[in-house]
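Asks:
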Amino acid sequence: MAKISALPSWKLFISQLKNCSTVAESSSGRSKVWLIECCGQRQQFTVVWIQGIATQCSNDDNTIYLDDGTGRATVRCGTLPSQCDKLTTGQYGMVIGELLETDESPTIRAIKMQDLGTVPRASDLWKLELIDMNLAYLMHEGQQQLL
339 MAKISALPSW KLFISQLKNC STVAESSSGR SKVWLIECCG QRQQFTVVWI QGIATQCSND
399 DNTIYLDDGT GRATVRCGTL PSQCDKLTTG QYGMVIGELL ETDESPTIRA IKMQDLGTVP
459 RASDLWKLEL IDMNLAYLMH EGQQQLL
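With my numbering, the residue at position 99 of the sequence shown is 437, and numbering never jumps.
(1) Mind checking who M445 pairs with in its DSSP beta bridge?
(2) Within the same chain, show all residues whose beta-carbon is closer than 8 Å to that of T417, passing over the 5 residues directly before and after it, in chain order.
(3) Do V371 and Q354 have their beta-carbon atoms positioned less than 7 Å apart in this structure?
(4) Beta-carbon within less than 6 Å of C358's beta-carbon, same chain only, minus the 5 sequence neighbours each way: which residues are those?
(5) For K465, which three-state DSSP category applies?
(6) Answer with buried or exposed for E487, where buried requires no fewer than 16 other C-beta atoms within 10 angstroms of its C-beta.
(7) So which of A392, G409, D453 and T408 has the shortest CA-CA distance to T280?
(8) Can you tell me the Cα-Cα spacing of S464 and T426, whole angstroms?
(9) Applying the 10 Å Cβ sphere with the 16-neighbour rule, what's the burial state of V386?
(10) Count the other CB atoms within 10 Å of the CB of T384; is the residue buried (16 or more) or exposed (fewer)?
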């Protein structure tokens, strides 16, 4: 399997992570392949990209709780590269990472994190980007079925 940081990331709302199921696990047992059904189509992925507000940060166990308005995810930050700064409580940011668990609070092992607080209207743009992405996917699939 490719290095986890080299894999493409799927941009998702946190609420969508709760509906994912495990498809496979790498031979090392370190990473999982997940399946999500979106717009009537199934897609496999390993790495996710989420954005939201850090509602709680714990330095003791390197955990951040991120809320995007649709749900709350637990982000494990213990393996972040040294050049990545961790988000602090109240900051709006993005997290790219490996989905570990899907439950009431999906758990992600962060491989990249960035504060987006200086980006005007980042939260609004993120929601619109995901909605647009889903609509474009639906339109593309509809055109493929007509061919």
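Glycine included, each C-beta is placed from N, C-alpha and C at the ideal position. None of the values given here were measured: they were computed from a predicted structure.
Replies: Inspection of the coordinates gives the following:
(1) At residue 445 the sequence reads Thr, which differs from the Met that was named. In the DSSP output, where bridge partners are listed per residue, T445 has T412 and E439.
(2) Shown here for T417: same chain residues with a beta carbon closer than 8 Å to its own, the five before and five after excluded, namely R447, A448 and I449 in chain order.
(3) Going by C-beta atoms, Q354 is not nearer than 7 Å to V371.
(4) Closer than 6 Å at the Cβ level, and outside the excluded window around C358, lie W372, I374 and T440.
(5) Helix, per DSSP.
(6) The requested residue 487 is not part of the displayed model; the chain covers only 339 to 485.
(7) In this structure the chain extends from 339 to 485, so residue 280 is not present and cannot be described.
(8) This sequence places Trp at residue 464; Ser is not what is there. For W464 and T426, the distance between alpha carbons rounds to 20 Å.
(9) Answer is buried; the Cβ neighbour count reaches 16.
(10) By the 16-neighbour rule on beta-carbons within 10 angstroms, T384 is buried.
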